[in-house]
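My numbering puts the sequence shown at residues 1291 to 1550.
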Amino acid sequence: MRDVQGERDTRNIPIDRVGVSGVSYPLAVMDPSENVQHVTGTVRMSVSLPKDFRGTHMSRFIEVLEKCRGKMTLGNLEEIVDALKEQLAAPEAEVAIAFPYFVRRAAPVSGAESYTRIDVEFWAMKASRFDFVLKVAVPVQTLCPCSKEISEFGAHNQRARVEIETRMRRLVWIEDLVSVAEQSASAPVLTLLKREDEKALTEMAFLNPRFVEDVVREVSLRLDRDERIKWYRVSVVSDESIHNHQAFASLERFVSFPAR
1291 MRDVQGERDT
1301 RNIPIDRVGV
1311 SGVSYPLAVM
1321 DPSENVQHVT
1331 GTVRMSVSLP
1341 KDFRGTHMSR
1351 FIEVLEKCRG
1361 KMTLGNLEEI
1371 VDALKEQLAA
1381 PEAEVAIAFP
1391 YFVRRAAPVS
1401 GAESYTRIDV
1411 EFWAMKASRF
1421 DFVLKVAVPV
1431 QTLCPCSKEI
1441 SEFGAHNQRA
1451 RVEIETRMRR
1461 LVWIEDLVSV
1471 AEQSASAPVL
1481 TLLKREDEKA
1491 LTEMAFLNPR
1501 FVEDVVREVS
1511 LRLDRDERIK
1521 WYRVSVVSDE
1531 SIHNHQAFAS
1541 LERFVSFPAR
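Laid out in structure tokens, this is it:
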């Protein structure tokens, strides 16, 4: 049968990325408390296409995905991109996997437990060297310091979203980054709250007013102290409750530690 994709192309134009996206796939992700968590991910897989090839073989992306049977770890992500490079004769390969991850949280007073959804993305790429980025998006609460200062009573507060991307020296759990985000905000956002919990979280936020700038800096201070992390990017977006817009702040930096 004629291999149309493998035909030689004479237009002399390499393509940066070609592949498949929007692939829904069942995944098994490492969980420090439950050992493994079964989720449904959205997968994007691509390779670089040399100028001499007309196209790539799209079915081979799914074949590589099938071989890992949905198990996703830092170790086998490198195996996946290696397999893509080999199967598609490509100098570079990339995989991005986005999925909802659920963290068990207890309410501050009643202790009632519930799941909080965290949006997570794994990104892996390999040319000559392997590169991996873990991204989490954590819902939190912020209370405006300015509103608290100028108001006779109360202050406006709102839900915000903390996004943390990291390159790591050693394994960093998703839960570790969730804790960093929640501790840096005015208060966490929880799914199940009794009245006593609502009171506690409302007062917690009032006692810890945070601008988006404050949250970004608080996250940065915590990540700077973590020797497992070598690079991070932080972004905070606040859905303002009394303004018809969002407020945001972001920063990116490398983390260096003295040699021991």
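The C-beta atom is built at its ideal place from N, Cα and C for all residues, glycine as well.
### Query
Hey, is the stretch 1411-1419 in contact with the stretch 1488-1496, meaning 3+ C-beta pairs nearer than 8 Å?
Because the criterion of three Cβ pairs below 8 Å is not met, the stretch 1411-1419 and the stretch 1488-1496 do not touch.
### Query
Where do the N-terminal and C-terminal ends of the alpha helix (DSSP H) with G1331 fall, by residue?
In the sequence shown, the residue the question calls residue 1331 occupies position 41. Not the alpha helix (DSSP H): G1331 falls in the beta strand (DSSP E), residues N1325 to L1339.
### Message
Strictly by DSSP, which residues pair up with M1557?
### Response
Because the chain in this structure spans residues 1291 to 1550, residue 1557 falls outside the shown range and cannot be described.
### Task
Determine, using beta-carbon pairs with one atom in the stretch 1374-1387 and one in the stretch 1446-1458, whether at least three such pairs fall under 8 Å.
Segments in contact, no.
### Per-residue burial, D1529 [other beta carbons within 10 Å of its own, 16 or more giving buried]
If you number the sequence shown from 1, residue 1529 lands on position 239. With fewer than 16 other Cβ atoms within 10 Å, it is exposed.
### Task
Could you check which residue in Q1431, V1329 and A1495 has the C-alpha nearest to that of V1527?
Against the sequence shown, residue 1527 aligns to sequence position 237. Looking at Q1431, V1329 and A1495, the one whose alpha-carbon comes closest to that of V1527 is Q1431.
### Task
Provide the residue(s) that pair with E1403 in DSSP beta bridges, ordered along the chain.
In the sequence shown, the residue the question calls residue 1403 occupies position 113. Beta-bridge pairing links E1403 to A1396.
### Task
Give me the Cβ distance between A1373 and K1361, rounded to the nearest whole Å; I'm assuming they're in contact under 8 Å.
Taking the sequence shown and counting its residues from 1, one reaches residue 1373 at position 83. Taking the sequence shown and counting its residues from 1, one reaches residue 1361 at position 71. Their Cβ separation, rounded to whole angstroms, is 14 Å, which puts A1373 and K1361 out of contact at 8 Å.
### Query
What is the DSSP secondary structure of T1363, counted as helix, strand or coil?
As a working note, residue 1363 is residue 73 in the sequence shown. Looking at T1363 - three-state DSSP - the assignment turns out to be coil, as it is neither helix nor strand.
### Task
To the nearest angstrom, report how far apart I1532 and D1321 are at their CA atoms.
Sequence index remark: in the sequence shown, residue 1532 carries index 242 (1-based). Sequence index remark: in the sequence shown, residue 1321 carries index 31 (1-based). Put simply, the backbone Cα of I1532 is about 38 Å away from that of D1321.
### Message
Which same chain residues end up closer than 6 Å to D1421 when comparing Cβ atoms and leaving out the 5 residues on each side of it in sequence?
### Response
The residue given as residue 1421 occupies position 131 in the sequence shown. Cβ neighbours of D1421 beyond the five flanking positions: M1415.
### Task
Can you tell me which of the three DSSP states I1387 falls into?
In the sequence shown, counting from the first residue as 1, residue 1387 sits at position 97. The answer is strand: DSSP assigns I1387 an E or B state.
### Message
Whole angstroms are fine: how far does the CA of A1397 sit from the CA of S1404?
### Response
As a first step, residue 1404 is located in the sequence shown; it is residue number 114 there, counting from the start. As a first step, residue 1397 is located in the sequence shown; it is residue number 107 there, counting from the start. Each residue's CA atom was taken as its position, placing S1404 and A1397 some 8 Å apart.
### Task
Indicate the three-state DSSP secondary structure (helix, strand or coil) for A1495 in the structure shown.
Start at 1 with the first residue of the sequence shown, and residue 1495 comes out as number 205. Per DSSP, reduced to three states, the secondary structure at A1495 is helical.
#### Entry: Within the stretch 1411-1480, ranges of the beta strand (DSSP E) (whole runs, at least 3 residues)
Listed in chain order, they are 1420-1433 and 1447-1458.
### Query
Excluding five sequence neighbours on each side, which residues of the same chain lie with their C-beta closer than 7 Å to the C-beta of N1302?
By one-based count along the sequence shown, residue 1302 stands at place 12. Cβ within range, chain order: K1341.
#### Entry: Identified DSSP bridge partners for F1544
Taking the sequence shown and counting its residues from 1, one reaches residue 1544 at position 254. The bridge partners DSSP lists for F1544 are W1521.
### Task
Please go through the same chain and pick out, in chain order, the residues whose beta-carbon is closer than 7 Å to the beta-carbon of D1306, but skip the five residues on each side of it.
Here residue 1306 refers to the residue found at position 16 when the sequence shown is read from its first residue. Counting only Cβ-Cβ distances below 7 Å, and skipping sequence neighbours, we find S1338.
### Task
Just the C-alpha distance for D1514 and V1470, rounded to the nearest angstrom, thanks.
Counted from its first residue, the sequence shown places residue 1514 at position 224. Counted from its first residue, the sequence shown places residue 1470 at position 180. Distance between the alpha carbons of D1514 and V1470: 11 Å.
### Task
Could you tell me which of C1436, L1467, N1325 and I1387 sits nearest to M1335, measuring between CA atoms?
In the sequence shown, residue 1335 corresponds to position 45, counting from 1. The shortest C-alpha separation from M1335 is found at I1387.
### Query
Between the C-alpha atoms of A1495 and V1399, what's the straight-line distance to the nearest angstrom?
As a position in the sequence shown, residue 1495 is number 205, starting the count at 1. As a position in the sequence shown, residue 1399 is number 109, starting the count at 1. It is roughly 15 Å from the alpha-carbon of A1495 to the alpha-carbon of V1399.
### Query
What is the rounded straight-line gap between the Cα of N1498 and the Cα of N1447?
Position 208 of the sequence shown, counted from the start, is the residue given in the question as residue 1498. Position 157 of the sequence shown, counted from the start, is the residue given in the question as residue 1447. Rounded to the nearest whole angstrom, the C-alpha separation of N1498 and N1447 is 11 Å.
### Message
Using only the alpha-carbon positions, how far apart do R1550 and L1461 sit?
### Response
Counting from one through the sequence shown, the residue named residue 1550 turns up at place 260. Counting from one through the sequence shown, the residue named residue 1461 turns up at place 171. Confidence in R1550 is poor, its pLDDT being 49 and thus under 50, which makes the residue's placement too unreliable to answer from.
### Query
If we count the other Cβ atoms within 10 Å of its Cβ and call it buried at 16 or more, is C1436 buried or exposed?
Numbered from 1 along the sequence shown, position 146 holds the residue referred to as residue 1436. Burial state of C1436 is exposed, judged by a 10 Å Cβ sphere holding fewer than 16 other Cβ atoms.
#### Entry: Beta-carbon spacing of F1389, T1406 below 8 Å
Counting from 1 along the sequence shown, the entry for residue 1389 is found at position 99. Counting from 1 along the sequence shown, the entry for residue 1406 is found at position 116. At the C-beta level, F1389 and T1406 stay beyond 8 Å of one another.
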